[in-house]
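Remarks on the structure that follows.
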């Protein structure tokens, strides 16, 4: 595979990986207050995402993809709210271990990386079209 | 200087530039991959100085010198550490700003390359037409 097509493919895989990351971030933010539904039950656990390199067998190009979606084993925060259905005997409710600030920072970073990959695709497309322009009659 | 040499030189530089673009794309795509080390290609003058003798690959399964180029005379190595960023907590060494500026460099050089080729081609055609 020629290097320019390979560059397109790699940047495309980067876009896909970063958008999956954005999906995970939005899941975490949407579930920032998802408690359990039975007394004392565990609430939503924050999800994490890890990227890794993988060889694309058809083209022999090393692309990037999502290696693992895991969960954050961190401690839950608690709140005193006896009226909540998830409250235990003492009236304490466990809340998800999602920190909105961390998620926002993660979202920003995913956005930046997405933009960078997009920029690479545009740049590569320009290189290809300036090669094709050599064929234009002058 | 013979015209043929210029075209040969230009196409070698174009190949080097496209391989570099692929390496930069791979660095940017892996900006958040744990333990990924940024890579770069050898400078163009080093590629030019190197002799063209490499073992022929008669089968696609044969190993080439690197993953990025079939011709074997372009080496892809780990890039020198970007001091401003250093090694991140995840073991990653990619600096996005640096990679984007590299990509801009490549674009500029490639534009120069293609315009040189096209103007040289025009000059040759001029001599052919009566």
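Chains as they are written, first to last, in this note's numbering: chain A, 6 to 143; chain B, 10 to 139.
Even for Gly, the Cβ is constructed at its ideal location relative to N, Cα and C.
In the DSSP assignment, the beta strand (DSSP E) including residue i goes from what residue to what residue?
{"i": "residue 107 of chain A", "result": "Taken as a continuous stretch (DSSP letters only), residue 107 of chain A belongs to no beta strand (DSSP E), being part of the alpha helix (DSSP H) at 105-137."}
{"i": "residue 144 of chain A", "result": "Beyond the ends of chain A as shown, which are 6 and 143, falls residue 144 of chain A; an answer cannot be given."}
{"i": "residue 108 of chain B", "result": "Taken as a continuous stretch (DSSP letters only), residue 108 of chain B belongs to no beta strand (DSSP E), being part of the alpha helix (DSSP H) at 105-137."}
{"i": "residue 100 of chain A", "result": "97-100"}
{"i": "residue 141 of chain A", "result": "Run containing residue 141 of chain A: none; DSSP gives neither H nor E here."}
{"i": "residue 75 of chain A", "result": "66-76"}
{"i": "residue 47 of chain A", "result": "Per DSSP, residue 47 of chain A belongs to no beta strand (DSSP E) and is neither H nor E."}
{"i": "residue 93 of chain B", "result": "Where residue 93 of chain B is concerned, there is no enclosing beta strand (DSSP E), given that its DSSP letter is neither H nor E."}
Give me, in chain order, the residues of the same chain whose beta-carbon lies closer than 6 Å to that of residue i; leave out the 5 immediate sequence neighbours on both sides.
{"i": "residue 16 of chain A", "result": "122, 125, 126"}
{"i": "residue 37 of chain B", "result": "108"}
With 9 Å set as the bound, which would you pick, yes or no: does the beta-carbon of residue i sit closer than that to a beta-carbon of chain A?
{"i": "residue 30 of chain B", "result": "yes"}
{"i": "residue 120 of chain B", "result": "yes"}
{"i": "residue 33 of chain B", "result": "yes"}
{"i": "residue 27 of chain B", "result": "yes"}
{"i": "residue 39 of chain B", "result": "yes"}
In chain order, what residues of the same chain lie with their CB nearer than 8 Å to the CB of residue i, ignoring the 5 residues before and after it?
{"i": "residue 44 of chain A", "result": "90, 91, 92, 93, 94"}
{"i": "residue 36 of chain A", "result": "49, 101, 103"}
{"i": "residue 77 of chain A", "result": "50, 51, 52, 53, 102"}
{"i": "residue 41 of chain A", "result": "47, 48, 91, 99"}
Is the shortest distance between the beta-carbon of residue i and the beta-carbons of chain B less than 9 Å?
{"i": "residue 77 of chain A", "result": "no"}
{"i": "residue 93 of chain A", "result": "no"}
{"i": "residue 110 of chain A", "result": "no"}
{"i": "residue 74 of chain A", "result": "no"}
{"i": "residue 67 of chain A", "result": "yes"}
{"i": "residue 37 of chain A", "result": "no"}
{"i": "residue 46 of chain A", "result": "no"}
Need the endpoints of the alpha helix (DSSP H) that residue i sits in, please.
{"i": "residue 53 of chain B", "result": "53-58"}
{"i": "residue 54 of chain A", "result": "From DSSP, residue 54 of chain A is part of no alpha helix (DSSP H) but of the beta strand (DSSP E) over 52-61."}
{"i": "residue 33 of chain A", "result": "8-35"}
Write down the C-beta distance between residue i and residue j rounded to the nearest angstrom, noting that I regard them as a contact closer than 8 Å.
{"i": "residue 79 of chain A", "j": "residue 53 of chain A", "result": "That pair is no contact at about 10 Å."}
{"i": "residue 30 of chain B", "j": "residue 12 of chain A", "result": "5 Å"}
{"i": "residue 112 of chain A", "j": "residue 20 of chain A", "result": "Actually they do not touch by this definition, with Cβ atoms about 16 Å apart."}
{"i": "residue 128 of chain A", "j": "residue 116 of chain B", "result": "6 Å"}
{"i": "residue 58 of chain A", "j": "residue 69 of chain A", "result": "6 Å"}
Can you name, in chain order, every residue of its own chain whose Cβ lies under 7 Å from the Cβ of residue i, other than the five neighbours on each side?
{"i": "residue 125 of chain B", "result": "19"}
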